[in-house]
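If you count the sequence shown from 1, position 157 lands on 158 in this note's numbering, and the numbers rise without skipping. Report on the following structure.
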Amino acid sequence: MDVTYKDLREWLEQVEKLGELKRVENASWEEDAGMLAEMLAHSDDGPAVLMDSFPGYPQGFRILLNANGARKRIAHTLGCDPDISKLNLVDAFKKKLDGLKPVPPVIVETGPVMENVMKGEAVDLYKFPTPKWHLEDGGRYLGTGSYDITRDPDTGIVNLGTYRVMVQDKNKAGFYISPGKHGRIHRDKYFAQGKPCPVAVVVGGDPLLFMAGSLEVPQDVCEYDWAGGLRGAPYKVVVDPVTGLPIPAEAEIVLVGFSYPDEKMDEGPFGEWTGYYASDHRAEPFIRVEAVYHRNDPIILGTPPEKPPYEAHKYREYMRSGMLLESLEKAGIPDVKAAWCHGVGGCRMLNVVSVKTRYAGHAMQAAHVASQCRVGAYIGRLTIVVDDDIDVTDLGDVMWAVCTRCDPASDIDIIKNAWGGPLDPRIHPDSKAKKSFYASRLIIDATMPFDWKERFPKPIGPSPEYKWKTREKWGYLLK
Ligand SMILES: Cc1cc2nc3c(=O)[nH]c(=O)nc-3n(C[C@H](O)[C@H](O)[C@H](O)COP(=O)(O)O)c2cc1C
2 MDVTYKDLRE
12 WLEQVEKLGE
22 LKRVENASWE
32 EDAGMLAEML
42 AHSDDGPAVL
52 MDSFPGYPQG
62 FRILLNANGA
72 RKRIAHTLGC
82 DPDISKLNLV
92 DAFKKKLDGL
102 KPVPPVIVET
112 GPVMENVMKG
122 EAVDLYKFPT
132 PKWHLEDGGR
142 YLGTGSYDIT
152 RDPDTGIVNL
162 GTYRVMVQDK
172 NKAGFYISPG
182 KHGRIHRDKY
192 FAQGKPCPVA
202 VVVGGDPLLF
212 MAGSLEVPQD
222 VCEYDWAGGL
232 RGAPYKVVVD
242 PVTGLPIPAE
252 AEIVLVGFSY
262 PDEKMDEGPF
272 GEWTGYYASD
282 HRAEPFIRVE
292 AVYHRNDPII
302 LGTPPEKPPY
312 EAHKYREYMR
322 SGMLLESLEK
332 AGIPDVKAAW
342 CHGVGGCRML
352 NVVSVKTRYA
362 GHAMQAAHVA
372 SQCRVGAYIG
382 RLTIVVDDDI
392 DVTDLGDVMW
402 AVCTRCDPAS
412 DIDIIKNAWG
422 GPLDPRIHPD
432 SKAKKSFYAS
442 RLIIDATMPF
452 DWKERFPKPI
462 GPSPEYKWKT
472 REKWGYLLK
């Protein structure tokens, strides 16, 4: 199947036909939006919810919540059968990655995003019903289901990265980017040359582009090209007259401006994906917003982080797992059967890989690469490698393998001084103050020891395939 929508509006129509959309009117942006986002994030297969008619704002200024918080909608967004099973969705996405040919965007003169233009003095970020998402947030965050567009000043490569955006005042937007992220590398390069960094923030638009912005797409590949390749059609972009950056012609809201090397404002605290306010508040660069463009009746895509797993973890379980499989394959590890980046670890802190072991050291090789490749490296914690009779998505099955096949004295490795960041709750505040963000990783080899695998007690089973077959046949009895 292919992606069948061209923008968020068409996606909404299609998802409503699938019975996956509910509507809420006259609720508050101050409290209700945040309450609803948390409830939907922590429900199984909850609907997408479109909020409209916020008191104090014009009708039509909307917020979409939990857009990709359920498998049916995730599959639809990725152009797969909405009724696909869990592991089949990882496989279907991985197949799309295997055949992926990047499709660059096409430049158009203008598009719906230019229906409304605010420039200079007219810029007013308070025009939108931006929620305060969590009770102790330090401000209103317009950018959650959003991405920031930057251009590498050396190579010219454009990056789309989801980095949170806080309304500082009517024409200033704080944006937080962790060390090592592509947008941060771009910004640091401009600042090192004493130059302002041009930025465009896209708030709401094609859900696949947002997903691409929130994933570890390789740094020499632009997310427009990557997502264009996934959907099999180029995105239409308009060249922003202020920054020269390409912005999606069919986006809902876009802010454009510059971040200056010598200017900072207090940013945070903000409820983060680890389930804490771990980076607290700090002085961070901000964007002086020179223009805002938006469609009539604009839709904010709201994806505020919650205690894991939340919406972004639900779709990234599939996508990051597929990308981890791709990274292992590209690193030349044979016979990797499955991977699952567990939502409860924010799809970063608890990643499991299954391997049909072929030689001594095979399992540890897979685990170390899984722990340190770009998809797995940032704020990781535990990487577990299991045999291919284990269902990587089932924590019970995985922990059974850890309990019965791992001898701690010989099957555990620790990697020190790995890629951390201010959002890691386990890094001491004094280290954070010194900008020392290292953290360690635990590698667990829970495969049967390779050199006496043939003599290891035979497991009762079932294999993951047999288990899913059983559930497909008999699962109705459990409903
Ligand atoms: C809802 C959401 C909010 C995010 N917020 C931030 C953020 O504020 N700062 C950050 O560095 N990464 C944030 N991320 C993670 C990045 O989007 C992710 O690491 C992505 O790969 C970054 O793009 P890059 O690889 O091009 O740097 C967020 C992800 C999601 C889904």
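All C-beta atoms in this analysis are idealised placements derived from N, C-alpha and C, irrespective of residue type, glycine included.
Identity of the residues DSSP links to residue i by a beta bridge
| i | result |
| --- | --- |
| K23 | V50 |
| C223 | Paired residue(s): none; C223 is not in a bridge. |
| D390 | The partner list for D390 (beta bridge, DSSP) is empty, contrary to what the question assumes. |
| L443 | L383, I415 |
| P247 | V240 |
| C342 | N352 |
| G258 | V200, V290 |
| I428 | BP columns for I428 are empty, so no partner. |
| N117 | H295 |
| R63 | I300 |
| V107 | K237 |
| V337 | V356 |
Contact test: residue i Cβ vs ligand 1 heavy atom, cutoff 7 Å
| i | result |
| --- | --- |
| I178 | yes |
| T304 | yes |
| G184 | yes |
| L216 | yes |
| G164 | According to the sequence displayed, residue 164 carries Tyr and not Gly. Yes. |
| T145 | yes |
| N160 | yes |
| A279 | no |
| A49 | no |
| A313 | yes |
Span separating the alpha-carbon of residue i from that of residue j
| i | j | result |
| --- | --- | --- |
| M400 | Q373 | 22 Å |
| Y278 | V255 | 27 Å |
| N27 | D53 | 7 Å |
| D221 | G139 | 35 Å |
| A402 | G333 | 25 Å |
| R406 | T448 | 6 Å |
| P130 | W30 | 6 Å |
| P249 | E116 | 13 Å |
| G205 | A252 | 6 Å |
| V109 | V240 | 8 Å |
| A34 | A440 | 35 Å |
| N297 | L9 | 13 Å |
| R442 | D84 | 36 Å |
| V257 | F62 | 20 Å |
| G476 | K73 | 18 Å |
| R472 | P463 | 11 Å |
| K237 | N89 | 31 Å |
| G144 | E273 | 13 Å |
| N69 | S322 | 16 Å |
| T5 | A76 | 12 Å |
| Y191 | P242 | 19 Å |
| K7 | D170 | 33 Å |
| V202 | D46 | 29 Å |
| G184 | P103 | 20 Å |
Proximity winner among the options, relative to residue i (alpha-carbon distances)
| i | options | result |
| --- | --- | --- |
| P56 | K128, P180, V403 | K128 |
| P106 | D84, L143, R74, L161 | L161 |
| L329 | S441, M365, R152 | M365 |
| D395 | D408, P426, A340 | A340 |
| K470 | L13, Q169, S86 | S86 |
| G146 | C348, D398, P48, S215 | S215 |
| F451 | L126, R427, Y360, N418 | Y360 |
| Y225 | A410, V376, V159, G80 | V159 |
| V354 | C348, A367, G344 | A367 |
| E39 | H135, C81, K102, L13 | H135 |
| H295 | L22, P113, D149, F211 | P113 |
| W453 | T358, D99, R375, L424 | T358 |
| D446 | G422, I415, V4 | I415 |
| D390 | G175, V337, M324, G377 | V337 |
| D408 | I444, P426, R382, S280 | I444 |
| P48 | Q60, P59, V25 | V25 |
Any non-hydrogen atom of ligand 2 within 7 Å of residue i CB
| i | result |
| --- | --- |
| Y142 | Among the ligands present in this structure, namely ligand 1, ligand 2 is not found. |
Residue-chain proximity (residue i, chain B), Cβ-Cβ < 8 Å
| i | result |
| --- | --- |
| P180 | Protein chain content of the structure displayed is limited to a single chain, and chain B is not contained in it. |
Item to complete: Please list the segments of the alpha helix (DSSP H) lying wholly inside the segment 261-333, counting only runs of 4 or more residues, in order along the chain.
Response: 312-331
Discussion item. List, from N- to C-terminal side, the beta strand (DSSP E) runs of 3 residues or more that fit wholly inside the segment 185-229.
Written reply: 198-204
Worksheet item: Which parts of the segment 119-184 are runs of the alpha helix (DSSP H), unbroken and 4 residues or longer, counting only runs that do not cross its ends?
Response: none
Worksheet item: Which parts of the segment 441-479 are runs of the alpha helix (DSSP H), unbroken and 4 residues or longer, counting only runs that do not cross its ends?
Response: 465-475
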